[in-house]
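Chemist: Chains as they are written, first to last, in our numbering: chain A, 1 to 310; chain B, 1 to 93.
Spelled out as structure tokens, the structure:
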């Protein structure tokens with residue numbers, strides 16, 4: 001049966017099988033722009049898929065996007081689907097995304113923690129971590145956003161395998177994290193990492209693991225200010241912004257700190273909307289508004305990356 | 001499938017650093033199984049805590065006895081999850 005992105009309900013939550021099928025549909029519908037690559041396997045041997053948006057060239061500068069490292073935050077994966085579709089649909093239409101893709105590639109991992117995500121659909125809707133077994137403990141899983149090699153094991157993470165912020169036995173112990181590390185380092189030309197989470201309406205940048213300001217603090221702060229302002233212009237949703245350590249608390253071993261420490265200057269993490277009523281259990285009616293308002297902020301960052309090569 | 005009948009999510013607003021320290025202490029009491037959806041950061045910023053039904057009374061008494069203001073953000077987590085599942089099924093159909 002012929003498949004079409006036109007029949008996919010972006011305003012609904014989907015299982016991992018549905019999302020993985022949709023990735024193929026997107027590729028089929030945009031064969032000259034989008035391809036699917038596998039960067040590794042999860043602990044339970046699920047493929048780790050990344051969408052590559054590229055108009056050609058060889059090892060172009062690239063932007064990395066990921067959603068759903070904390071599996072239960074379904075609004076992030078759903079926003080990821082909408083955003084990936086938007087990128088594909090707007091190429092050739094919207095001058096900003098067209099300019100970006102004419103010069104750069106975008107890599108997008110929509111289900112960053114597939115084991116955890118599948119588990120939220122089958123067994124425990126509130127599961128947050130990976131599904132790896134922890135030697136000597138009956139508790140399962142590691143917080144993949146505390147597993148990166150950036151101040152690993154310190155404040156804001158836990159050494160207790162039963163904690164939701166368990167950092168894991170060693171940096172990159174989670175195959176889901178290691179796959180991204182290997183991919184980004186192997187690529188060697190990733191200029192921006194944007195990791196999307198929910199919830200609490202924030203746009204954050206390094207550092208999280210130390211209190212000193214990042215060398216690029218001023219520029220990152222200005223860019224974050226513009227992005228949240230443009231986000232707010234859509235529906236009035238107010239975001240706070242700043243370094244992780246100043247805005248929330250010291251959090252060690254996070255994705256964006258690792259990226260920044262490894263030369264990716266434009267490293268940001270979003271915390272998507274919070275209506276104050278549902279936490280991360282946002283009703284599906286909120287998917288499209290959330291994704292729609294996030295889009296201009298993402299575009300601001302991506303455009304800035306394009307216009308400020310380094 | 002794990003069910004969350006009677007679990008509530010409390011939105012707690014710490015007024016001062018002492019409240020934040022108390023909330024952090026709550027997180028360390030493993031027997032209460034409090035799941036911090038949103039951690040306490042600074043005075044005035046909300047923290048969201050999912051509290052199992054079996055710990056609700058103890059946690060509410062703890063908050064009230066220490067003068068830490070809270071409201072109920074989600075009355076029954078399972079009701080919300082049932083609604084979510086129903087919506088997904090409807091969309092599939």
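For every residue, glycine included, the Cβ atom is placed at its ideal position computed from N, Cα and C.
Looking at residue 12 of chain B and residue 78 of chain B, is the spacing between their C-beta atoms short of 8 Å?
Modeler: Counting from one through the second chain, the residue named residue 78 of chain B turns up at place 78. Counting from one through the second chain, the residue named residue 12 of chain B turns up at place 12. Not closer than 8 Å, so no.
Chemist: Could you work out which residues of chain A lie near residue 30 of chain B, taking near to mean beta carbons separated by less than 9 Å?
Modeler: By 1-based counting over the second chain, the position of residue 30 of chain B is 30. Going along chain A in sequence order, the residues near residue 30 of chain B (Cβ under 9 Å) are 160, 162 and 163.
Chemist: If the cut is a Cβ gap below 8 Å, which residues of chain A does residue 81 of chain B touch?
Modeler: Here residue 81 of chain B corresponds to residue number 81 of the second chain, with the count starting at 1. Within chain A, the residues near residue 81 of chain B are 125 and 281.
Chemist: Just to confirm my understanding: we take residue 81 of chain B, look at its own chain, exclude 5 residues before and 5 after, and list those with CB closer than 6 Å. What are they?
Modeler: As a first step, residue 81 of chain B must be located in the second chain, where it is residue number 81. Result list for residue 81 of chain B: empty, nothing under 6 Å.
Chemist: Comparing C-alpha positions only, which one of A/119, A/213, A/202 and A/171 sits nearest to residue 72 of chain A?
Modeler: Numbered from 1 along the first chain, position 72 holds the residue referred to as residue 72 of chain A. Measuring from the Cα of residue 72 of chain A, the nearest candidate turns out to be A/119.
Chemist: Tell me, to the nearest whole angstrom, how far the beta carbon of residue 164 of chain A is from that of residue 130 of chain A; I am working on the premise that it is less than 8 Å.
Modeler: As a working note, residue 164 of chain A is residue 164 in the first chain. As a working note, residue 130 of chain A is residue 130 in the first chain. About 12 Å; that fails the 8 Å criterion.
Chemist: Using a 10 Å radius around the Cβ and a threshold of 16 neighbouring Cβ atoms, would you call residue 85 of chain A buried or exposed?
Modeler: For the purposes of this step, residue 85 of chain A is taken as the residue at position 85 of the first chain. Buried.
Chemist: Going by CA-CA distance only, name the one from A/196, A/70, A/155 and A/159 that's closest to residue 116 of chain A.
Modeler: Here residue 116 of chain A refers to the residue found at position 116 of the first chain. Among A/196, A/70, A/155 and A/159, the Cα nearest to that of residue 116 of chain A belongs to A/70.
Chemist: Can you tell which of A/285, A/114, A/54 and A/253 has the C-alpha that lies nearest to the C-alpha of residue 10 of chain A?
Modeler: Position 10 of the first chain, counted from the start, is the residue given in the question as residue 10 of chain A. Ranking A/285, A/114, A/54 and A/253 by Cα distance to residue 10 of chain A puts A/285 first.
Chemist: Quick one, are the C-beta atoms of residue 50 of chain A and residue 109 of chain A less than 8 Å apart?
Modeler: Here residue 50 of chain A refers to the residue found at position 50 of the first chain. Here residue 109 of chain A refers to the residue found at position 109 of the first chain. Yes.
Chemist: Just reading off the beta strand (DSSP E) that residue 268 of chain A is part of, what are its end residues?
Modeler: For the purposes of this step, residue 268 of chain A is taken as the residue at position 268 of the first chain. From DSSP, the beta strand (DSSP E) with residue 268 of chain A extends over 266 to 272.
Chemist: Tell me whether the segment 249 to 260 of chain A and the segment 197 to 206 of chain A touch, counting them as touching only if at least three CB pairs, one residue from each stretch, are closer than 8 Å.
Modeler: Touching, yes.
Chemist: Check each residue of the segment 195 to 216 of chain A: if its Cβ is closer than 9 Å to any Cβ of chain B, include it; give the result in chain order.
Modeler: So the close ones are 199 and 200.
Chemist: Is residue 297 of chain A helix, strand or coil when you go by DSSP?
Modeler: Working through the first chain from its first residue, we reach residue 297 of chain A at position 297. Three-state DSSP puts residue 297 of chain A in a helix.
Chemist: Please work out which residues of its chain come closer than 7 Å, Cβ to Cβ, to residue 123 of chain A, disregarding the five sequence neighbours upstream and downstream, and give them in chain order.
Modeler: For the purposes of this step, residue 123 of chain A is taken as the residue at position 123 of the first chain. Contacts found: none.
Chemist: Would residue 80 of chain A pass as a contact of residue 196 of chain A if the rule is Cβ separation under 8 Å?
Modeler: For the purposes of this step, residue 80 of chain A is identified with residue 80 of the first chain, where counting begins at 1. For the purposes of this step, residue 196 of chain A is identified with residue 196 of the first chain, where counting begins at 1. In this structure, residue 196 of chain A lies closer than 8 Å to residue 80 of chain A by Cβ.
Chemist: 8 Å is my cut-off, CB to CB: does residue 170 of chain A come that close to chain B?
Modeler: The residue labelled residue 170 of chain A in the question sits at position 170 within the first chain. Chain B contact via Cβ: absent.
Chemist: Spell out whether any CB of chain A is found under 8 Å from the CB atom of residue 35 of chain B.
Modeler: Numbered from its first residue, the second chain carries residue 35 of chain B at position 35. Yes, residue 35 of chain B counts as interfacial toward chain A.
Chemist: Quick check: what's the CA-CA separation for residue 189 of chain A versus residue 222 of chain A?
Modeler: Taking the first residue of the first chain as 1, we reach residue 189 of chain A at position 189. Taking the first residue of the first chain as 1, we reach residue 222 of chain A at position 222. For residue 189 of chain A and residue 222 of chain A, the distance between alpha carbons rounds to 24 Å.
Chemist: For residue 148 of chain A, collect the residues of the same chain with a Cβ closer than 8 Å to its Cβ; drop the 5 residues on either side in sequence, then sort them by chain order.
Modeler: Position 148 of the first chain holds residue 148 of chain A. Only 171, 172, 177, 181, 253, 254, 255, 257 and 258 meet the Cβ criterion.
Chemist: Can you give me the Cβ contacts of residue 41 of chain A inside the same chain, cut-off strictly under 8 Å, excluding the 5 residues immediately before and after it?
Modeler: In the first chain, the residue the question calls residue 41 of chain A occupies position 41. Answer for residue 41 of chain A: 47, 48, 175 and 179, listed in chain order.
Chemist: Run through DSSP, which three-state label would residue 93 of chain B get?
Modeler: Sequence index remark: in the second chain, residue 93 of chain B carries index 93 (1-based). Correct three-state label for residue 93 of chain B: coil.
Chemist: Could you give the DSSP three-state label for residue 36 of chain A: helix, strand or coil?
Modeler: By 1-based counting over the first chain, the position of residue 36 of chain A is 36. Strand, per DSSP.
Chemist: So which residues on chain A does residue 2 of chain B lean against when the C-beta distance must stay under 9 Å?
Modeler: Numbered from 1 along the second chain, position 2 holds the residue referred to as residue 2 of chain B. Chain A residues near residue 2 of chain B: 123, 124, 125, 126 and 127.
Chemist: Excluding the 5 residues flanking residue 312 of chain A on each side, which residues of the same chain have their C-beta closer than 7 Å to its C-beta?
Modeler: Chain A is shown from 1 up to 310; residue 312 of chain A falls before or after that span and cannot be answered.
Chemist: Quick check on residue 71 of chain A - is its C-beta less than 8 Å from some C-beta in chain B?
Modeler: Counting from one through the first chain, the residue named residue 71 of chain A turns up at place 71. Judged by the 8 Å Cβ criterion, residue 71 of chain A is not in contact with chain B.
Chemist: If you scan the segment 33 to 98 of chain A from start to end, which runs of the beta strand (DSSP E) of 3 or more residues do you find wholly inside it?
Modeler: Counting whole runs of 3 or more residues, the segment 33 to 98 of chain A contains the beta strand (DSSP E) stretches 34 to 41, 47 to 53 and 62 to 67.
Chemist: Given a cut-off of 8 Å on the beta-carbon distance, is the pair residue 39 of chain B and residue 239 of chain A in contact?
Modeler: The count along the second chain starts at 1 and reaches residue 39 of chain B at position 39. The count along the first chain starts at 1 and reaches residue 239 of chain A at position 239. Result no, Cβ atoms of residue 39 of chain B and residue 239 of chain A do not sit closer than 8 Å.
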